[in-house]
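Chains as they are written, first to last, in our numbering: chain A, 1 to 466; chain B, 1 to 466.
Each residue gets a CB set at the ideal place from its N, CA and C atoms; glycine is no exception.
Every value quoted in this text rests on a predicted model; they were computed, and no experiment measured them.
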């Protein structure tokens, strides 16, 4: 059932204009678009309709009509958001799904690619690699999440320590804002300082300012070689020291991934890797670049670690390396097996504070009687704190909610951020003030009002206007 | 003479509060702060006063008082802006000069540096290099421009093709906006997606949104080796082909600098380098990284060029290399010697269009009877188009103004940007609409109003509110 006769009427008109198959009103089909990949319990409602535009002109027309008629819109890529960014909240929203806008065009001369929002990130990466080019952002969802979703959330991933996040690769954006006004910012060039930079600003705005219809992405030369090294630590202080030594040695690792004791065991159980389970933590260090330098730099990193008394293990073959990365990428499901419920928070702390922060989080989990698994992109200071719980027990869930709140306060006290990758969405909205303060939050509201005075673009996400 | 008794009264009060030597009212001293490095003729007026804060609390207090009293402020770093960004326009402005806020603190563990706005960029670079760390942005002014000025203008430089611009290195900003409200965005971490990204947005805002009191900058591992190669081209089509071949070969050059025929001759005359003057253009290509890979990559680049029939020359010694870079960096003064007047525009075009664009610009210069010298960061698509003229002849100046206007139109038609490095300031303000369109310009005005409803932060620069 569509929530109101008015919305239904507008959608029927759009259906006539755009074509039967582009506007979905069928309740069963609509229900598919109610939720995203968020595991934190959120109350959702199925949208009033789902529209599948195929061209940017269709998107413009959809926004023009819906904005005029006061109908809220939820832009949707792969639906892999972890903070409720593409979930239905009120029942009167229309989901604009970009899955049919999935074309891209590689521009070799400018080393850029023009991509529609529905392009799967991994497919784009595979295509550009054939030309010796590289699009680095690699969120865990990269095999099913989209360019549009990655832009909206400013997606990260393990390689960001060297290569930066999605924002660093977005050179231009086009899209639609209030009343169907279209914009086109940026160009396939590396430098542009003509006015405020709305291109970069729209990255990470979580669909709350308008709809993106296309992106110009920067590509860089594809490194020819990659090598992986594991290091096992008896204490967390040494992890911090090792990271500092590596980062000031002239070697620029393309990944610096941390796993705590719980994660090492979980991944052993899941993938049967035989990693030592008596250690406080493990680092997966990847070096990439020219084959000659990579070979030497792996030895350099190993000797830095050995001088710190750290046990290391180098992958001997490409297969062994792929297995290690597969294990790292399987950490999510591996940890999920530890309980029936899991909340994965993507906090950030300056890496200098890790040795204090991790034990503080472990103590916090103990206080609530929760199992806690910590892993993440330690080079960026971005850690995934996972609380495992019994999903069938409502009391456990309440405990998790309180633990998360305390975790965020702790993170801000440590000079970090409540989110490094997943965005604010619905689930972190109550904590945004903690991060930005009243002055910052008022600026967020001001920009939201400027782009979207009627609060129709992904309302209830990131910030409330009331 | 201070422009109004009211401004003088407020400044005298601030002088009593902050200390005699921190508030300058003396007309001769004030006159020093009237202009910046802009060569395009702009009508300027000396400011009503100059304040030299020494702490961020003093900056907060200054903004609080001046904002309340409706007195406009011009933030100033090294005064090296080329578009009038730190010039006095109305005579009632107060310059806030950050030259005494020039402390910085390196954080090795996080590979970041906290810098006050008055720090000279080059001094910071030298200091971090001692720890094996690297702060890449290198505008030509880097030996006398400041971190605050570089942040305000989103400064670039030759290394940006590989390393990105200033914005890519700013992880956090603190400062003061309307009515003395203070903000602190970001942290010494690589990832932060909590709300809209005001940190990156403030970079390049040209002092029009508030005053910056401190920046957290990202540092990366310092490459151990650099090598330079020159390539001489008979035609511009081959330049474009060479750049594409190099960028898709797996080699990532740390600089790709172009000079046209006029520049080659100018630099020969200025530095006596013996470069061939019969060529259509020259590329300076730098490769950096591990010594082993650099050695091989220089050979790789040379062989790519030779396969295209291009003559190459490799610097044999460190001295020869330094000499080549010194020549590149001396291009500005070398070109200035060609006439009594010079206007240097920093346009950007997709590099795929260079072979059409350069002749179009040369034709445009011919039409106005102007000598034109083109050089720049071709890897970024960022070219410096210099019109040389007789400064004593008012007719010549008018011709230059018309030529510049036509140049900007041409650039936008070519899908580029009217400014890649110098910013909008006063001189490019009339052309911003050409770049952003009415929708974009209205968003610029909206954000300006949000941060600065009284239009007191660097008024008359970047955009007008009326």
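(request) Give the straight-line distance between the Cα atoms of residue 1 of chain A and residue 33 of chain A, rounded to the nearest whole angstrom. (result) Only weak support exists for where residue 1 of chain A lies, its pLDDT of 47 falling under 50; the value from the coordinates is given anyway. Going by C-alpha positions, residue 1 of chain A is about 14 Å away from residue 33 of chain A.
(message) Applying the 10 Å Cβ sphere with the 16-neighbour rule, what's the burial state of residue 334 of chain B?
(response) Residue 334 of chain B is buried by the Cβ-count criterion.
(message) Under 9 Å, CB to CB, which of the residues in the stretch 173-198 of chain A have a partner in chain B?
(response) Listed by position, the residues of the stretch 173-198 of chain A near chain B (Cβ gap below 9 Å) are 177, 181, 182, 183, 184, 185, 186, 187, 188, 189, 190, 191, 192, 193, 194, 195, 196, 197, 198.
(request) Anything in the stretch 273-298 of chain A with a Cβ closer than 9 Å to a Cβ of chain B? List those residues in chain order, please. (result) Of all residues in the stretch 273-298 of chain A, 289, 290, 291, 292, 293, 294, 295, 296, 297 have a Cβ within less than 9 Å of some Cβ in chain B.
(request) Within the same chain, show all residues whose beta-carbon is closer than 7 Å to that of residue 250 of chain B, passing over the 5 residues directly before and after it, in chain order. (result) Same-chain partners within the cutoff: there are none.
(message) Quick check on the DSSP output: the alpha helix (DSSP H) that includes residue 247 of chain A runs from which residue to which?
(response) Residue 247 of chain A -> alpha helix (DSSP H) spans 236-247.
(request) Output the residue ranges of the alpha helix (DSSP H) runs that lie fully inside the stretch 167-201 of chain B and measure 4 residues or longer, sorted by chain position. (result) Counting whole runs of 4 or more residues, the stretch 167-201 of chain B contains no alpha helix (DSSP H) stretch at all.
(message) So the candidates are A/436, A/336, A/418, A/380; which of them puts its Cα closest to the Cα of residue 390 of chain A?
(response) That would be A/336, whose Cα lies nearest to the Cα of residue 390 of chain A.
(message) Just list the residues that DSSP pairs residue 341 of chain A with in beta bridges.
(response) The partner list for residue 341 of chain A (beta bridge, DSSP) reads A/389.
(message) Counting only beta-carbon separations shorter than 9 Å, does residue 111 of chain B have a partner in chain A?
(response) It does: the Cβ of residue 111 of chain B has a partner Cβ on chain A nearer than 9 Å.
(request) Report the residue from A/463, A/439, A/437, A/435 whose alpha carbon sits nearest the alpha carbon of residue 448 of chain A. (result) Of A/463, A/439, A/437, A/435, the smallest CA-CA separation from residue 448 of chain A is found for A/463.
(request) Answer yes if the stretch 200-208 of chain B comes into contact with the stretch 443-459 of chain B, meaning at least three C-beta pairs across the two stretches below 8 Å, and no otherwise. (result) Taking 8 Å as the limit for Cβ pairs, the verdict is that the stretch 200-208 of chain B does touch the stretch 443-459 of chain B.
(request) May I ask which residues mark the beginning and end of the beta strand (DSSP E) holding residue 107 of chain B? (result) Per DSSP, the continuous beta strand (DSSP E) segment holding residue 107 of chain B begins and ends at 104-107.
(message) For the stretch 426-442 of chain A, list every residue whose C-beta sits within 7 Å of some C-beta in chain D, in sequence order.
(response) The structure shown has no chain D; the protein chains it does contain are A and B.
(request) Measure the Cβ-Cβ separation of residue 285 of chain A and residue 349 of chain A and say whether it is below 9 Å. (result) In terms of Cβ geometry, residue 285 of chain A and residue 349 of chain A do not form a close pair [threshold 9 Å].
(message) Please identify, using Cβ separations under 7 Å, the residues of the stretch 3-34 of chain B that lie next to chain A, in order along the chain.
(response) Taking 7 Å as the Cβ-Cβ cut-off, the stretch 3-34 of chain B has no residue approaching chain A.
(request) Use the C-beta contact count for residue 428 of chain B: other C-beta atoms within 10 angstroms, 16 or more gives buried, fewer gives exposed. (result) Buried, because 16 or more other Cβ atoms sit within 10 Å of the Cβ of residue 428 of chain B.
(message) Between the alpha carbons of residue 234 of chain B and residue 106 of chain A, how many angstroms are there, rounded?
(response) Computed Cα separation, rounded: 28 Å.
(request) Determine the chain A residues that contact residue 252 of chain B at a beta-carbon separation under 7 Å, and present them in chain order. (result) In chain order: 220, 221.
(message) By the three-class DSSP mapping on this structure, what secondary structure does residue 281 of chain A have?
(response) In the structure shown, the three-state DSSP call for residue 281 of chain A is strand.
(message) Can you pull out the residues from the stretch 333-360 of chain B whose beta carbon lies closer than 9 Å to at least one beta carbon of chain A?
(response) Residues of the stretch 333-360 of chain B whose Cβ lies closer than 9 Å to any Cβ of chain A, in chain order: 346, 348, 349, 350, 351, 352, 353.
(request) Mind listing the chain A neighbours of residue 161 of chain B? Cutoff is C-beta to C-beta under 9 Å, in chain order. (result) Residues of chain A passing the Cβ test: 190.
(message) Let me check understanding here. Comparing Cα to Cα, which of A/68, A/6, A/18 lies closest to residue 52 of chain A?
(response) It is A/18.
(message) Buried or exposed for residue 230 of chain A, going by 16 or more other Cβ atoms inside 10 Å?
(response) Result: buried.
(message) Please report the distance separating the alpha-carbon of residue 313 of chain A from that of residue 96 of chain B.
(response) For the pair residue 313 of chain A and residue 96 of chain B, the Cα-to-Cα distance works out to about 56 Å.
(message) Looking at residue 214 of chain A: is its Cβ nearer than 9 Å to the Cβ of residue 178 of chain A?
(response) In terms of Cβ geometry, residue 214 of chain A and residue 178 of chain A do not form a close pair [threshold 9 Å].
(request) For residue 224 of chain A, go through chain B and note every residue whose CB falls closer than 7 Å to its CB, in chain order. (result) Correct list: 250.
(request) Report, in whole angstroms, the separation of the C-beta atoms of residue 297 of chain A and residue 287 of chain A, which I expect to be a contact under 8 Å. (result) Between residue 297 of chain A and residue 287 of chain A the beta-carbon gap is near 5 Å, inside 8 Å, which marks them as a contact.
(request) Measure how close the beta-carbons of residue 279 of chain A and residue 261 of chain A come, nearest whole angstrom, since I'm counting them as under 8 Å. (result) Between residue 261 of chain A and residue 279 of chain A the Cβ distance is about 7 Å, and since that is below 8 Å, they are a contact.
(message) With H, G and I counted as helix, E and B as strand and the rest as coil, what does DSSP make of residue 89 of chain A?
(response) Coil at residue 89 of chain A, not helix or strand.
(message) Pairs of beta-carbons, one from the stretch 82-95 of chain B and one from the stretch 123-131 of chain B, closer than 8 Å: are there three or more?
(response) Because the criterion of three Cβ pairs below 8 Å is not met, the stretch 82-95 of chain B and the stretch 123-131 of chain B do not touch.
(message) What does the Cβ neighbour count give for residue 125 of chain A, buried or exposed, with the cut at 16 atoms within 10 Å?
(response) By the neighbour-count rule (16 or more Cβ atoms within 10 Å), residue 125 of chain A is buried.
(request) Could you tell me which uninterrupted alpha helix (DSSP H) segments, each at least 4 residues in length, are contained entirely in the stretch 12-97 of chain B, listed from first to last along the chain? (result) Within the stretch 12-97 of chain B, the runs of alpha helix (DSSP H) that reach at least 4 residues and sit entirely inside it are, in chain order, 27-31, 56-68.
(request) Output yes if chain A places a C-beta closer than 9 Å to the C-beta of residue 1 of chain B; else output no. (result) Residue placement at residue 1 of chain B is flagged as unreliable, the pLDDT there being 47, under the threshold of 50; a coordinate-derived value is accordingly withheld.
(request) Anything in the stretch 127-150 of chain B with a Cβ closer than 9 Å to a Cβ of chain A? List those residues in chain order, please. (result) Along the stretch 127-150 of chain B, going in chain order, the ones with a CB nearer than 9 Å to a CB of chain A are 131, 132, 133.
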